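The opening residue of the sequence shown carries number 71 in my numbering; numbering runs sequentially from there.
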Amino acid sequence: MALLQRFSFILLFATLIGCGGSSGGFDENPDGGDGSTPDAITITLAISNTTVTGAEPVTVTATVMQGATAVVGRAVTFTTGLGAFSPASGSALTDENGVATITLTAGSVRGASEISATLSTGESSTTPLGFTTQGDDIGVVGDININVALVDAQGNSTNTVTSSRPGKAIATINGISAPVIVTFTSTIADIPIATTITDENNQASVDVFAGEALGAGTITASIESGESNKTNVVIGSSSVTMGSGTPFESGVAEISLAEISAGGTSVISVSIIDDQGNLFNEPIEVNFSSGCAAQSTATLSSPVTTSNGVATSTYLAQGCVGDDPINVTANAGGINLSATTSINVLAADIGSIEFVTATPEHIGLVGTGIVGGSESSTVVFKVKDTDGNPYNNRVVNFALNTNVGGISLSQDVATSNAQGIVQTVVNSGTVATTVRVTASTEALNGTIVYSESSILVVSTGLPDQDSFSLARGIANPEAWNVDGVAVPVTVRMADAFNNTVPDGTAVYFTTEGGAIESSCTTIEGACSVNWTSQNPRPAGQLLTNSFCSLADDADPDIFCARPPLANGKNYLGQKYGGRVTILATAIGQESFPDKNGNGRFDESEYTLFLGGDVGNRPYDLKEAFVDHNEDGFYNPEEAGAGTEVGGELEEFADFNNNGTFDLQDGTYNGVLCGFNDVTNPGTETPNQYCANPDDEPDPTKKSEKVSTNVRGSTVIIMSGTTPYITVTATNDAVASGSANLNPDDTTLYIAGESTGTVSIVIADLHNQPMPAGTKVTFVATVGSIPGTNSYVWPGDSSNGGSQFSVAVKGEAEPTSGPLEIKVETPGGVTTVYSGINIVIQ
Numbered sequence: 071m072a073l074l075q076r077f078s079f080i081l082l083f084a085t086l087i088g089c090g091g092s093s094g095g096f097d098e099n100p101d102g103g104d105g106s107t108p109d110a111i112t113i114t115l116a117i118s119n120t121t122v123t124g125a126e127p128v129t130v131t132a133t134v135m136q137g138a139t140a141v142v143g144r145a146v147t148f149t150t151g152l153g154a155f156s157p158a159s160g161s162a163l164t165d166e167n168g169v170a171t172i173t174l175t176a177g178s179v180r181g182a183s184e185i186s187a188t189l190s191t192g193e194s195s196t197t198p199l200g201f202t203t204q205g206d207d208i209g210v211v212g213d214i215n216i217n218v219a220l221v222d223a224q225g226n227s228t229n230t231v232t233s234s235r236p237g238k239a240i241a242t243i244n245g246i247s248a249p250v251i252v253t254f255t256s257t258i259a260d261i262p263i264a265t266t267i268t269d270e271n272n273q274a275s276v277d278v279f280a281g282e283a284l285g286a287g288t289i290t291a292s293i294e295s296g297e298s299n300k301t302n303v304v305i306g307s308s309s310v311t312m313g314s315g316t317p318f319e320s321g322v323a324e325i326s327l328a329e330i331s332a333g334g335t336s337v338i339s340v341s342i343i344d345d346q347g348n349l350f351n352e353p354i355e356v357n358f359s360s361g362c363a364a365q366s367t368a369t370l371s372s373p374v375t376t377s378n379g380v381a382t383s384t385y386l387a388q389g390c391v392g393d394d395p396i397n398v399t400a401n402a403g404g405i406n407l408s409a410t411t412s413i414n415v416l417a418a419d420i421g422s423i424e425f426v427t428a429t430p431e432h433i434g435l436v437g438t439g440i441v442g443g444s445e446s447s448t449v450v451f452k453v454k455d456t457d458g459n460p461y462n463n464r465v466v467n468f469a470l471n472t473n474v475g476g477i478s479l480s481q482d483v484a485t486s487n488a489q490g491i492v493q494t495v496v497n498s499g500t501v502a503t504t505v506r507v508t509a510s511t512e513a514l515n516g517t518i519v520y521s522e523s524s525i526l527v528v529s530t531g532l533p534d535q536d537s538f539s540l541a542r543g544i545a546n547p548e549a550w551n552v553d554g555v556a557v558p559v560t561v562r563m564a565d566a567f568n569n570t571v572p573d574g575t576a577v578y579f580t581t582e583g584g585a586i587e588s589s590c591t592t593i594e595g596a597c598s599v600n601w602t603s604q605n606p607r608p609a610g611q612l613l614t615n616s617f618c619s620l621a622d623d624a625d626p627d628i629f630c631a632r633p634p635l636a637n638g639k640n641y642l643g644q645k646y647g648g649r650v651t652i653l654a655t656a657i658g659q660e661s662f663p664d665k666n667g668n669g670r671f672d673e674s675e676y677t678l679f680l681g682g683d684v685g686n687r688p689y690d691l692k693e694a695f696v697d698h699n700e701d702g703f704y705n706p707e708e709a710g711a712g713t714e715v716g717g718e719l720e721e722f723a724d725f726n727n728n729g730t731f732d733l734q735d736g737t738y739n740g741v742l743c744g745f746n747d748v749t750n751p752g753t754e755t756p757n758q759y760c761a762n763p764d765d766e767p768d769p770t771k772k773s774e775k776v777s778t779n780v781r782g783s784t785v786i787i788m789s790g791t792t793p794y795i796t797v798t799a800t801n802d803a804v805a806s807g808s809a810n811l812n813p814d815d816t817t818l819y820i821a822g823e824s825t826g827t828v829s830i831v832i833a834d835l836h837n838q839p840m841p842a843g844t845k846v847t848f849v850a851t852v853g854s855i856p857g858t859n860s861y862v863w864p865g866d867s868s869n870g871g872s873q874f875s876v877a878v879k880g881e882a883e884p885t886s887g888p889l890e891i892k893v894e895t896p897g898g899v900t901t902v903y904s905g906i907n908i909v910i911q
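Below, the structure written as structure tokens:
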């Protein structure tokens, strides 16, 4: 036995030696086991923020190392003079990295302090960790957790809420003694007020109601620091009923007045009760509707939220007549509720008929193909009762104030709809005219109520040539040397009856100089584009040294001989430089002389058609072209008397796309072709002098409508900046027979205080007007100017310069000096001419 004990002791000793002692995160031996000294244990502190507030606690860590080895699973105790640790024990275990973590809150005392950390074996942090605290802790007294419970109205625990049995969610906040805000949410229940604050028992509660959906979900309570918890909730069905009355009648809505006059009101109400017969206090949205309300002839307050189980709506009649069923619906926690009632609205008397619209207001003569293609117009009226509400189901009669040319209505009688609307259609005839539609209906007392539409215009809608007007803004802008100067160009058009063309009629523009917008469309018969100065600029004859003495570079005077410069005339001849022609065209028809006033071109009017209109312009048109030299001829193809040079590059608008410039064709091109004159009505044949698009030789087919380009031209002068001046007269004020009495020289002789006059002509480099707005000023260096001494150049498209005159009064003593002429353009360029001498004798 002793031997066995000795053997066991030896075996145990050997086992202990083999195990090498106890294991752990640090060495407990006083030496290294191999005789060396073990590494010391170190504790290093860190803090996430050195300022601690109640709203923002901080994190403190202690890293425990033995040399390069992390000390794992050791309890670290933290101490501090201010603030509070969470957990309240102030201790935490090191993790696999040797790090122990704890939360530091602000506590209740403001100030600065330090944190230390120790192990149970006595090791401690060597350097304390400093921080400041605001002392505004929210009252954390331990680990924070939240318990959520659901109770019924009596405070008993439950997990079910129904529409008749609401519940209450209670959140208990553990670990915080101060009041905190708690927010409740639910995946299925209805929580009207979702945010509240804890009471003295650290509890917060909210009311929980059944929503529209049935089933299971959760209620979650959370606080601002991030902690949350939840509990389950079941939304179940409950027996709730909609109705009214005493005793209660299910499915029936109560109405204060079952019959009202037009424009009257009534109150509709319903009650919602639970299975105990009590008013259901949970707020429920109730909808009220009716047939008339859907048609806007009545209004109902809807939706309405119940108050103590009752919902009330006001009915207002606004044109409804007769019985109007009213439906009331709601959804209570997934239960559909409904009730009905009915109201009778008495008929009102007719108050008025109002004209609403006529669309379009311009319609074409039947068969003429007006722009837009409309030969009819829809005319709309509105019937109202004496309260101003729409009058439903009322018979209205229509009539035209004229039926000339076969104008007609699609219907003479119509019945108003729920909005009080009635309408009819006006169909055009063969004669251009204006027409109105009269609507009438009989009131209850037998009187007739009338209304009349606005004027409808029955016309062609196509612009005709003698109603085409083209105008531009400034005629002579300072544009020869300046790019980007804009001038508005406006077209106005009317048809053969001088009614404005329909909105949207297109006009096209082109020019040989500068640039112009390509097109515009009319509004109320007119539209505008901008012409802008730029290249190309039309070249032409110049006032150069052959006509003008340009002197030397130091002398700005530009003096010209008389013949080239004359008032309003241009003796230089073609080409006229700087003059730009703008051509505007639109698809329309030729004008014609309507001698018998029937609105049609008749054979008996053909001789007059070959002449000119009231503006002495031809009825029969050749194709339109850009008239570069303003001679009225298309120079590339027209020759003969009256043609001038300068039009070799003119371009025409090839309307029929035949590649040839077409002269007058001797026929009327338009849609208003009449018939030849016969004595027996009904046997007429088409007018043989009307054109047709295919040059049909058979005269019986020559009534086919055609069109052409109506057009207009205007001229803009790209005026130069430099003035050219000639003296046209010096009317001396000296004795008759004096050797100095010569009006053709450039010296003005004045005897004493007598008065003489000087006349000059000024033009630009092309012998054209200076820019509009140019200021011409005369300054007498001796004597005086008793009258006007300055002039402003007007808008002027004449082909030549302009003449200016000034009176000069002498003085008592003999003297002499120049008469200065200052010319300043709108662009600020100033030229002074001093070539006229004043001699006072």
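Even glycine gets a Cβ: it sits at the ideal position worked out from N, Cα and C. In this text the structure is predicted, and so the values were computed from the model without any measurement.
Between the C-alpha atoms of A182 and V128 there is a straight-line separation of about 14 Å. DSSP places T591 in the uninterrupted beta strand (DSSP E) bounded by S589 to T591.
For the pair L386 and T456, the CB atoms are not nearer than the 7 Å cut-off. Y520: not part of any alpha helix (DSSP H); member of the beta strand (DSSP E) spanning I518 to E522, first to last residue. Minimum Cα-Cα distance from V741 among the listed residues H698, E708 and G669 corresponds to G669. Judged by DSSP in its simplified three-state form, T530 adopts coil rather than helix or strand.
Note that the C-beta distance between S178 and S186 is not below 7 Å. G313 counts as buried, since no fewer than 16 other beta carbons sit within 10 angstroms of its beta carbon. Remark: C-beta atoms of E166 and V142 approach each other more closely than 7 Å.
Below 8 Å, too few C-beta pairs join the region 869 to 879 and the region 680 to 698 to call them touching: fewer than three. Of all alpha-carbon atoms in A417, V218 and F567, the one lying nearest the alpha-carbon of G434 is that of F567. Here Y385 is bridged, per DSSP, to S336 and L370.
Annotation for A154: T175, G177, D207 and V210 place their beta carbon closer than 7 Å to its own, counting only its chain and skipping 5 residues before and after. Of the residues assessed, E720 falls on the buried side of the cut-off, its CB having 16 or more other CB atoms within 10 angstroms. Each residue's CA atom was taken as its position, placing V449 and D419 some 24 Å apart. Taking A596 as reference, the option from V650, S539 and Y794 with the minimal CA-CA separation is S539.
By a beta-carbon distance limit of 8 Å, A877 does not contact G897. Their separation comes to about 30 Å. I786 is bridged by DSSP to V650.
Residue range Y676 to F679 is occupied by the alpha helix (DSSP H) that includes L678. Exclusion of the five residues before and after P373 leaves E355, V356, N357 and F358 as the residues of its chain whose Cβ lies within less than 8 Å of its Cβ. A check of alpha carbon separations from T530 across L220, T503, L613 and G168 identifies T503 as the nearest. Between the region 803 to 810 and the region 818 to 827 there are three or more C-beta pairs closer than 8 Å, enough to call the two in contact. Between V555 and N600, the beta carbon gap of about 10 Å keeps them out of contact (Cβ cut-off 8 Å). Partner residues in the beta bridge of R542, as assigned by DSSP, are V559. Cα atoms of T500 and F695: separation of roughly 34 Å, rounded to the nearest angstrom. If you compare the alpha carbons of E193, V130 and A138 with that of A162, the shortest gap goes to V130. Residue pairing by DSSP places W601 opposite V557 and I586 in a beta bridge.
Counting along the chain, the unbroken alpha helix (DSSP H) around A364 starts and ends at G361 to A364. The residues A176, D206, D207 and I208, in chain order, have a CB closer than 6 Å to that of G124 in the same chain once the five nearest residues on each side in sequence are set aside.
About 4 Å separates the beta carbon of G245 from that of I214, a gap short enough to meet the 8 Å contact definition. Note on geometry: alpha-carbon atoms of T851 and V909 lie some 11 Å from one another. Under the criterion of beta carbons closer than 8 Å, S156 and T173 qualify as touching, at roughly 4 Å. For the pair T508 and V650, the Cα-to-Cα distance works out to about 53 Å. Nearest to V527 by alpha-carbon distance, out of A513, V505, T316 and Q204, is V505. Of the candidates T112, T655 and T677, the residue whose Cα lies closest to the Cα of T778 is T655. By the CB criterion at 7 Å, S422 and N497 fall outside the cutoff.
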